[in-house]
Amino acid sequence: MNRRSLLKFLLAGIALPTSLVANAAQSLRRIRVSRVEGQATVLLDLSGPVVSNSFTLDSPPRLVLDLKQTVMSAPLEGLTFEGTAIRSIRSGTTPTGDLRIVLDLTEPGVHTALRPLPNLSHTLQLQVAAPLRSAVASTQANRTPERSGARVNRDLLVVIDAGHGGKDPGALGAKGEQEKRVALQIATLLAKRVNAQKGYKARLVRSDDVFIPLRKRAELAQRLKADLFVSVHADAAPRLTASGASVFALSQGGASSSMARWMAARENGADAVGGGLAVKLREDDPMVAGVLLDMSMNATISTSLDLGHQVLTQLGTVSRLHQPRVEQAGFAVLKSAAVPSILVETGFISNVNDCQRLHDTRQQRKIAEAIFAGVEGYFRQRPPADSLIATLG
Ligand SMILES: [Zn+2]
Numbered sequence: 007m008n009r010r011s012l013l014k015f016l017l018a019g020i021a022l023p024t025s026l027v028a029n030a031a032q033s034l035r036r037i038r039v040s041r042v043e044g045q046a047t048v049l050l051d052l053s054g055p056v057v058s059n060s061f062t063l064d065s066p067p068r069l070v071l072d073l074k075q076t077v078m079s080a081p082l083e084g085l086t087f088e089g090t091a092i093r094s095i096r097s098g099t100t101p102t103g104d105l106r107i108v109l110d111l112t113e114p115g116v117h118t119a120l121r122p123l124p125n126l127s128h129t130l131q132l133q134v135a136a137p138l139r140s141a142v143a144s145t146q147a148n149r150t151p152e153r154s155g156a157r158v159n160r161d162l163l164v165v166i167d168a169g170h171g172g173k174d175p176g177a178l179g180a181k182g183e184q185e186k187r188v189a190l191q192i193a194t195l196l197a198k199r200v201n202a203q204k205g206y207k208a209r210l211v212r213s214d215d216v217f218i219p220l221r222k223r224a225e226l227a228q229r230l231k232a233d234l235f236v237s238v239h240a241d242a243a244p245r246l247t248a249s250g251a252s253v254f255a256l257s258q259g260g261a262s263s264s265m266a267r268w269m270a271a272r273e274n275g276a277d278a279v280g281g282g283l284a285v286k287l288r289e290d291d292p293m294v295a296g297v298l299l300d301m302s303m304n305a306t307i308s309t310s311l312d313l314g315h316q317v318l319t320q321l322g323t324v325s326r327l328h329q330p331r332v333e334q335a336g337f338a339v340l341k342s343a344a345v346p347s348i349l350v351e352t353g354f355i356s357n358v359n360d361c362q363r364l365h366d367t368r369q370q371r372k373i374a375e376a377i378f379a380g381v382e383g384y385f386r387q388r389p390p391a392d393s394l395i396a397t398l399g
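Position one of the sequence shown corresponds to residue 7 (the working numbering), numbered consecutively onward.
Below, the structure written as structure tokens:
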């Protein structure tokens with residue numbers, strides 16, 4: 007922004023009627039920062055909806071974020087940006103009552119992206135990444151042979167998890183139909199579809215009727231460094247009339263609806279089937295503690311929500327939807343810190359119509375096709391830089 011536009015910006019602010027200023031004040035309650043490989047994700051938790059605007063300025067390089075009619079009630083002390091393109095953070099209030107957050111940057115040309123987190127109420131996500139180095143510079147900086155281009159043009163890996171299995175049949179239909187069987191059939195069709203696509207590879211968590219603890223499923227995706235984890239289900243609903251498909255992502259806090267809470271409680275009980283003790287997610291458990299404390303989980307969840315949204319949209323073309331938006335709850339099977347993870351309820355086995363459709367091979371194929379269309383649509387828009395699909399254009 008040059009001097010003239012900055013002036014215009016300030017004048018626009020002054021022209022704001024004072025009645026508005028008095029009215030709609032929100033507060034910035036908390037700022038959280040996560041750092042992953044030079045990229046910083048700054049999450050701003052607001053008390054309500056806020057109009058925001060961000061822009062960068064040079065000499066010195068800085069990013070300015072204006073939050074209309076917002077008061078500051080988040081502490082800035084203790085926020086660290088080491089290893090990222092952010093040097094420091096400060097804040098001030100404009101004469102018109104807007105909150106201005108300034109991030110001092112380490113260099114010009116830093117990439118920034120600001121957007122609201124879908125489904126999380128009034129949280130803004132600001133991503134800040136250092137500019138890409140030229141090929142020469144990066145070769146000089148990184149001479150380790152196995153790290154330079156070892157995984158270039160790689161296939162995207164989708165880990166597909168058929169829910170339940172073995173001693174855990176999952177939910178049951180009116181005539182004893184088992185969720186674990188339907189889930190495996192659809193998961194298998196999905197894996198076939200993924201493998202048929204150039205630039206993609208699928209890996210099934212289970213390819214037969216075996217019991218695998220929830221934690222192991224998430225760990226597999228994490229260990230294989232999957233690009234996506236999809237858990238396929240066909241649960242029962244509390245009401246027999248409930249029908250349609252839904253998509254879930256992890257929530258670190260509360261559930262987004264009572265249905266989502268109920269569903270997560272049910273799924274998380276799967277490990278207890280067969281006489282084991284109910285799984286209690288303890289914060290001193292290394293994996294769970296890591297997940298709960300690691301703020302990079304927020305970025306993973308945000309990707310999961312975007313991806314889930316595309317999958318849900320596609321499912322809507324072949325099936326009724328139970329929920330028009332991606333729901334969130336504390337699903338244990340979705341707790342891979344670094345792998346975007348979604349749980350797809352393909353329909354309710356407890357609903358007579360859904361149950362019939364879920365057992366129809368043609369419908370199963372349509373569902374698998376729709377899930378993949380959502381996944382493919384997402385990665386086409388945002389292909390990982392080292393993936394083959396990034397080069398296909
Ligand atoms: Zn299930």
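Ideal placement from N, C-alpha and C gives every residue a C-beta, glycine not left out.
Check: Mind checking whether VAL253 and LEU196 have CB atoms under 8 Å apart?; Outcome: no
Check: Using the C-alpha atoms, what's the distance from ARG68 back to THR112?; Outcome: 8 Å
Check: Note down the Cα distance separating LYS173 from VAL188, rounded to an integer number of angstroms.; Outcome: 15 Å
Check: Under 8 Å between the Cβ atoms of ALA232 and LEU313?; Outcome: no
Check: ALA248 and PHE354: beta carbons closer than 8 Å?; Outcome: yes
Check: DSSP on GLU289, reduced to helix/strand/coil?; Outcome: Residue placement at GLU289 is poorly supported in this model, since its pLDDT is 39, which falls under 50; the coordinates still yield a value, given next. GLU289: coil per DSSP, three-state reduction.
Check: Does SER11 pass the burial test, meaning 16 or more other C-beta atoms within 10 Å, or should it be called exposed?; Outcome: Per-residue confidence for SER11 stands at a pLDDT of 47, beneath the threshold of 50, marking its modelled position as unreliable; the derived number appears in the next sentence. Exposed is the call here.
Check: Any idea what DSSP makes of ASN159, helix, strand or coil?; Outcome: coil
Check: I want to check one thing, is the minimum distance from the CB of HIS128 to the heavy atoms of ligand 1 below 7 Å?; Outcome: no
Check: Here's a check: name, in chain order, each residue in its chain whose Cβ is nearer than 6 Å to the Cβ of ARG96, leaving out the five neighbours to either side.; Outcome: VAL108
Check: With hydrogens ignored, establish whether the beta-carbon of ALA408 is closer than 7 Å to any heavy atom of ligand 1.; Outcome: Only positions 7 to 399 of the chain appear in the structure, and residue 408 is not among them; the question remains open.
Check: Just to confirm my understanding: we take ALA261, look at its own chain, exclude 5 residues before and 5 after, and list those with CB closer than 8 Å. What are they?; Outcome: ARG267, ALA270, GLU333, GLN334, ALA335 and GLY336
Check: Any idea if GLN264 is buried or exposed, counting beta-carbon neighbours within 10 angstroms, 16 or more meaning buried?; Outcome: The question names Gln, but residue 264 is Ser in the sequence shown. Under this definition SER264 is an exposed residue.
Check: Closer than 6 Å by C-beta to GLY98: which residues in its own chain qualify, once you throw out the five before and the five after it? Chain order, please.; Outcome: ARG106
Check: Between GLU183 and ligand 1, is there a pair consisting of the residue's CB and a ligand heavy atom that are separated by less than 7 Å?; Outcome: no
Check: Is LYS372 closer than 8 Å to VAL317 when the C-beta atoms are compared?; Outcome: no
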